[in-house]
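Colleague:
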Amino acid sequence: MTTVDLLAPAKVNLCLHVTGQRSDGYHLLDSIVMFADLGDRIALAPAPAMALTVTGPRAAGVPDDARNLCWKAADRYGRAVSITLDKHLPAAAGIGGGSSDAAAVLRGLERMTGRPPAFDPLALGADVPVCMLGRAARMTGIGEGVEPLDLPPLPAVLVNPGIEVPTPSVFRALPSKHNPPLDPIPEGAAPGVLIDWLATQRNDLEPPARAQAPVIGAVLAALAPARLARMSGSGATCFGLCDSLTDAQALADAIQAAHPGWWVAAVTLS
Ligand code: C5P
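The UniProt record's numbering puts the first residue of the sequence shown at 1, with every later residue one more than the last.
#1: Assuming V264 contacts Q256 (C-beta within less than 8 Å), just tell me the rounded distance between them.
#2: Need the endpoints of the beta strand (DSSP E) that D37 sits in, please.
#3: Mind checking which residues open and close the beta strand (DSSP E) that includes F119?
#4: Comparing the CB of A10 with every heavy atom of ligand 1, is any distance shorter than 7 Å?
#5: Cα-Cα, which of P152, R138, C238 is closest to A222?
#6: Is D127 a contact residue of ligand 1, with contact defined as CB to any heavy atom under 7 Å?
#7: Helix, strand or coil, according to DSSP, for Q21 in the structure here?
#8: Going by the DSSP bridge assignment, what does T200 pair with across the sheet?
#9: Measuring only the C-alpha atoms, how far is P191 from P153?
#10: Enumerate in chain order the residues of its own chain whose CB-to-CB distance from G240 is below 6 Å, with the five nearest sequence positions on each side excluded.
#11: Using 8 Å as the threshold, is the region 131–147 in touch with the region 25–40, meaning 3 or more CB pairs across them?
#12: What residue range does the alpha helix (DSSP H) around T84 cover?
#13: Can you list, in chain order, the residues of its chain whose CB lies under 8 Å from that of A218, leaving out five sequence neighbours each side?
#14: Count Cβ pairs between the region 43–57 and the region 71–80 that sit closer than 8 Å; are there 3 or more?
#15: Could you check if H27 belongs to the surroundings of ligand 1, using beta carbon to heavy atom distance under 7 Å?
#16: Compute the Euclidean distance between the alpha carbons of L182 and T2, then round it to the nearest angstrom.
#17: Start and end of the beta strand (DSSP E) containing P155?
#18: What are the boundary residues of the beta strand (DSSP E) that includes W262?
#19: Who are the near neighbours of L133 in its chain, counting only those whose CB is closer than 8 Å to its CB and skipping five residues on each side?
#20: Can F119 be considered in contact with ligand 1, in the sense that its beta carbon sits closer than 7 Å to one or more heavy atoms?
#21: Considering V54, what are the terminal residues of the beta strand (DSSP E) in which it resides?
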């Protein structure tokens with residue numbers, strides 16, 4: 001086994017429709033997911049026993065034991081390994097930090113051993129299967145349906161106001177759990193066409209998340225100069241889609257200057 005180093009990219013839900021609810025309480029989703037060129041970093045090294053070290057600017061409060069999804073992923077895979085998690089993404093933020101970390105651990109273990117996981121990654125979390133793919137995809141079911149999509153790279157600004165939004169309470173507060181699925185997706189379209197189409201779709205979790213965390217409204221207002229501003233996942237992170245990375249960086253700089261306490265990043269989604 002050799003050492004591996006991977007990016008666990010931020011996941012962004014460009015739209016997210018809640019189309020139903022299973023008898024076990026999990027919600028059926030229809031969502032387009034893309035990934036940023038920014039995320040946590042995971043380093044794996046062979047070790048006689050499981051070990052996890054958390055470093056980086058967002059390490060505070062992240063568990064470094066069996067409670068961490070990285071640890072659970074390696075444990076389920078059945079391989080003791082030393083994990084270094086360099087945390088850059090805010091937690092409980094709607095951008096899949098924990099799921100992307102777990103998926104990176106599984107991809108890294110597969111690379112180290114040549115053996116894919118012998119269990120369903122969905123067991124670790126609904127976002128883990130799409131994070132295993134790590135590129136533009138449509139996500140359906142509760143997260144087990146993952147279909148790659150041909151979408152152009154999109155420059156974007158990500159903004160998190162520094163509050164954690166608990167996913168279960170946002171789902172519970174949904175006024176309707178039976179909303180229409182996505183309209184036919186314009187695969188292969190130019191970025192402007194895709195953005196215009198996205199504006200006609202929704203994130204059904206945005207209204208209940210805004211009711212619980214009104215600061216999300218302020219984040220969306222700050223992102224208003226973008227071509228499209230919307231919340232990702234169950235929040236509180238929002239994204240703004242821009243025409244160029246230069247525009248995205250200028251908007252990110254302006255938002256960061258006005259809100260020094262917010263987490264702000266200019267990225268490319270793919
Ligand atoms: O699977 P994950 O641990 O990310 O989900 C966190 C919580 O979000 C679940 O316990 C559930 O309350 C809610 N959830 C849901 N339907 C989904 C995904 C998550 O109700 N498809």
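For each residue, glycine too, the CB sits at the ideal point set by N, CA and C.
Modeller: On the basis of the coordinates in this document:
#1: Walking along the sequence shown from the start, residue 264 turns up at place 264. Walking along the sequence shown from the start, residue 256 turns up at place 256. Taking a contact as a CB-CB distance under 8 Å, the pair V264 and Q256 counts as one, their CB atoms being some 4 Å apart.
#2: Counted from its first residue, the sequence shown places residue 37 at position 37. For D37, the enclosing beta strand (DSSP E) starts and ends at 27–46.
#3: Locating residue 119 in the sequence shown gives position 119, counting from the first residue. For F119, no beta strand (DSSP E) segment is defined, and its DSSP state is neither H nor E.
#4: The sequence position of residue 10 within the sequence shown is 10, counting from 1. No - ligand 1 has no heavy atom lying nearer than 7 Å to the Cβ of A10.
#5: In the sequence shown, residue 222 corresponds to position 222, counting from 1. The shortest Cα separation from A222 among P152, R138, C238 belongs to C238.
#6: Reading the sequence shown from its first residue, position 127 is the one you call residue 127. Because some heavy atom of ligand 1 lies under 7 Å away, the Cβ of D127 counts as near it: yes.
#7: Position 21 of the sequence shown holds residue 21. Here Q21 sits in strand by DSSP.
#8: Residue mapping note: residue 200 aligns to position 200 of the sequence shown, counting from 1. DSSP lists no partner for T200.
#9: Along the sequence shown, one-based indexing puts residue 191 at 191. Along the sequence shown, one-based indexing puts residue 153 at 153. Approximately 8 Å, taken between the alpha carbons.
#10: For the purposes of this step, residue 240 is identified with residue 240 of the sequence shown, where counting begins at 1. Once the five neighbours on either side are set aside, the close Cβ partners of G240 are V157, L223, A226, A229.
#11: Touching, per the Cβ criterion.
#12: Position 84 of the sequence shown, counting from 1, holds the residue named residue 84. Not the alpha helix (DSSP H): T84 falls in the beta strand (DSSP E), residues 81–86.
#13: Locating residue 218 in the sequence shown gives position 218, where the first residue counts as 1. Spatial neighbours of A218 in its own chain (CB-CB distance under 8 Å, excluding positions within 5 residues in sequence) are listed in chain order as P161.
#14: These segments touch.
#15: Walking along the sequence shown from the start, residue 27 turns up at place 27. Result yes, Cβ under 7 Å from ligand 1.
#16: Here the question's residue 182 lines up with position 182 in the sequence shown. Here the question's residue 2 lines up with position 2 in the sequence shown. Straight-line Cα distance between these residues: approximately 43 Å.
#17: Your numbering for residue 155 matches position 155 in the sequence shown. According to the DSSP assignment, P155 belongs to the beta strand (DSSP E) that extends over 154–160.
#18: Residue 262 sits at position 262 when you count from the first residue of the sequence shown. Premise fails: W262 is in no beta strand (DSSP E) and is neither H nor E.
#19: Walking along the sequence shown from the start, residue 133 turns up at place 133. Cβ neighbours of L133 beyond the five flanking positions: V146, P148.
#20: Within the sequence shown, residue 119 is the residue found at index 119, counting from 1. Set against 7 Å, the gap from the CB of F119 to the closest heavy atom of ligand 1 is not smaller.
#21: For the purposes of this step, residue 54 is taken as residue 54 along the sequence shown, with counting starting at 1. For V54, the enclosing beta strand (DSSP E) stretches over residues 51–55.
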